[in-house]
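Presented below is the structure to which this report refers.
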Amino acid sequence: MRRRLTAVLLVVATCHTCRPEETPGGIRLLDGYKIRRHSSVDVDAWSIENDRGLRINCSIGPGGPEADPKKRAGEYSWHKQQTVNGHSVIIAMIPRGKKTDYDKLAEYKRKGSPPGNILIISFLLGEPKPDSSLDCSAKVADSEEIADMLLMILTADPSKGFF
1 MRRRLTAVLL VVATCHTCRP EETPGGIRLL DGYKIRRHSS VDVDAWSIEN
51 DRGLRINCSI GPGGPEADPK KRAGEYSWHK QQTVNGHSVI IAMIPRGKKT
101 DYDKLAEYKR KGSPPGNILI ISFLLGEPKP DSSLDCSAKV ADSEEIADML
151 LMILTADPSK GFF
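Every letter in the sequence shown is one number past the one before it in the working numbering, and letter 84, counting from 1, is 84.
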């Protein structure tokens, strides 16, 4: 009986990181990542983190997409738009060395890291809230972190809901 209870508790304790239906928007996490929910006034906010230092900051709410090139003209080294899971998605990169408002925020500070090198992914949610978006952004150290972020965030399906 004790072994069975221990096994059940272990499964319950680890489900938050292993079952996509329990992550915001069904985001599928890569091994070594966990989700941490944050409090916010007008948006749902959370981060996806690993022990190596990558922290992906995500929020869903009104205000339009973070990656909108019209809002941040001249800040991106590149941006692309594509349809993913039926939603328009914008991906943009603030280049290494480009100082922006992100660099003033604690969650974008990484020891020994220069300004910039911020990857932003925005899902445009449309109806019934045309100005709502799912926005995820992170200061990325290298191409492996870019790949990790893309592989996880692009699995989001806003129709599955968030928190």
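Backbone N, C-alpha and C fix where the C-beta goes; we use that ideal spot for every residue, glycine too.
In this text the structure is predicted, and so the values were computed from the model without any measurement.
Return the chain-ordered list of same chain residues with a C-beta closer than 7 Å to the C-beta of residue i, the five sequence neighbours on each side being excluded.
{"i": "Asp103", "result": "Pro115"}
Indicate the three-state DSSP secondary structure (helix, strand or coil) for residue i in the structure shown.
{"i": "Lys70", "result": "coil"}
{"i": "Asp44", "result": "strand"}
{"i": "Leu134", "result": "strand"}
{"i": "Gly32", "result": "coil"}
{"i": "Gly26", "result": "helix"}
{"i": "Leu151", "result": "helix"}
In chain order, what residues of the same chain lie with their CB nearer than 6 Å to the CB of residue i, ignoring the 5 residues before and after it?
{"i": "Cys58", "result": "Trp46, Cys136"}
{"i": "Ile91", "result": "Lys80, Ile121"}
{"i": "Ala67", "result": "Ile90, Ala92, Ile120, Ser122"}
With a CB to CB cut of under 8 Å and the five nearest residues on each side skipped, what residues in its chain are close to residue i?
{"i": "Ser113", "result": "Lys139, Ala141"}
{"i": "Ser77", "result": "Met93, Ile94, Pro95, Lys98"}
Give me the DSSP bridge partner(s) of residue i.
{"i": "Lys139", "result": "Ile118"}
{"i": "Arg37", "result": "Trp46"}
{"i": "Ile56", "result": "Ile48"}
{"i": "Gly61", "result": "Ser133"}
{"i": "Phe162", "result": "Answer is none; Phe162 lacks a bridge partner."}
{"i": "Leu124", "result": "Ser88, Ser133"}
Subject >> Runs of beta strand (DSSP E) wholly within the segment 76–121 (minimum 3 residues, chain order) >> reply: 78–84, 87–94
Subject >> Inter-stretch contact (C-beta, 8 Å, three-pair minimum) for the segment 91–98 and the segment 23–43 >> reply: no
Original post:
Should the segment 79–86 be called in touch with the segment 32–50, which here means at least 3 C-beta pairs below 8 Å?
Top reply: no
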